[in-house]
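Take the sequence shown: its letters are residues 121 to 350, numbered as in my numbering.
Just so you know, even glycine gets a beta-carbon here, dropped at the ideal spot from N, CA and C.
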Amino acid sequence: MYGFVVALNALHPNYIGENRIPRQILNRALLSVVDENELDKLLHETPIAYGFCINGGFFRADNNQQCYLLNYELGPNLNSDDKMTNKNFISKCLVLNNEQYEQYKKKNDDDCIALNYLLHYNHYERLQGSIVERAALLSSRNRARRGLEFGEIRTEKDALTLLGDRADEKFPIFIIPETNENNAATLCTAHFNFHTYQLIIYRNNPKDSSEPNLVYNLANLWKQNDKTQK
């Protein structure tokens, strides 16, 4: 285990790349990446068949300066060929704290940087000019608009309040199946705590739940793997 924590969002181009790798296979390959450079290489060189979004970070980095969040929007580039090193449309964004931002922007003016937090939904936000999406997903667009009303997400409570929000009755962020005409549901809410190295799962609305249903210590996985390698 290399300490790469990742969550995935569905994205919806209006086309599928033939003779390309299904996203599920690439999703599993993410578990084997060692560092950010290897992750970038995998995403650029593996021709994917469909789009998706990666949210993640490496939490066994050599120092705190390298410990930040990453967001990738991806989609198949059907015009790529064997000679091209980049087989996909890719937009990479770094989520940095204030100290990291001041140091990073001096060297990388052209990269996408989000300061302190980033919200992402089930539609393209940075690759809209490169990828034609399916008909607009009203639920995703409405959830994004609602998310903007919360302003900056500063604390764990802020994040859980957003994820449990049901103010928009037609397109709530937290979906209860009995009240949703689209047969959709929020199965659970996953919270990765990067300070304690815990995966925290809420089955019910996290806005209302004081106690999670599951708390898993991710550091135990690293210890087990370190022992195996020795």
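Using three-state DSSP, classify Y241 as helix, strand or coil.
On the sequence shown, residue 241 is found 121 positions in, with the first residue counted as 1. In the structure shown, Y241 falls within a coil segment according to DSSP collapsed to helix, strand and coil.
Buried or exposed for V215, going by 16 or more other Cβ atoms inside 10 Å?
The sequence position of residue 215 within the sequence shown is 95, counting from 1. When all chains shown are included, V215 counts as buried.
Does the beta-carbon of N206 have 16 or more other beta-carbons within 10 angstroms, so that it is buried, or is it exposed?
Stepping through the sequence shown from its first residue, residue 206 is reached at position 86. Exposed, by the Cβ-count rule.
Apart from the five residues just before and just after C232, which ones in its own chain have a Cβ nearer than 6 Å to its Cβ?
On the sequence shown, residue 232 is found 112 positions in, with the first residue counted as 1. Cβ neighbours of C232 beyond the five flanking positions: C213.
What is the C-beta distance between F124 and G176, in whole angstroms, given that I count them as a contact (C-beta under 8 Å)?
The residue you call residue 124 lines up with position 4 of the sequence shown. The residue you call residue 176 lines up with position 56 of the sequence shown. The Cβ separation is near 6 Å, so the contact holds.
Span of the beta strand (DSSP E) around L216
The sequence position of residue 216 within the sequence shown is 96, counting from 1. First-last of the beta strand (DSSP E) with L216: N208 to L216.
Contact between the region 242-257 and the region 267-286 is defined here as three or more beta-carbon pairs at a separation below 8 Å; is this criterion met?
The region 242-257 vs the region 267-286: no contact.
In whole angstroms, what is the alpha-carbon distance linking D288 and R266?
Stepping through the sequence shown from its first residue, residue 288 is reached at position 168. Stepping through the sequence shown from its first residue, residue 266 is reached at position 146. Using only the alpha carbons, I get a separation of about 8 Å.
Note down, one range per segment and in chain order, each beta strand (DSSP E) of at least 3 residues found wholly within the region 155-206.
Counting whole runs of 3 or more residues, the region 155-206 contains the beta strand (DSSP E) stretches 172-178 and 189-196.
In the structure shown, what three-state DSSP assignment does Y135 receive?
Here residue 135 is taken as the residue at index 15 of the sequence shown, counted from 1. Y135: coil per DSSP, three-state reduction.
Reducing DSSP to helix, strand and coil, say where N303 ends up.
Residue mapping note: residue 303 aligns to position 183 of the sequence shown, counting from 1. Residue state, collapsed to three classes: coil.
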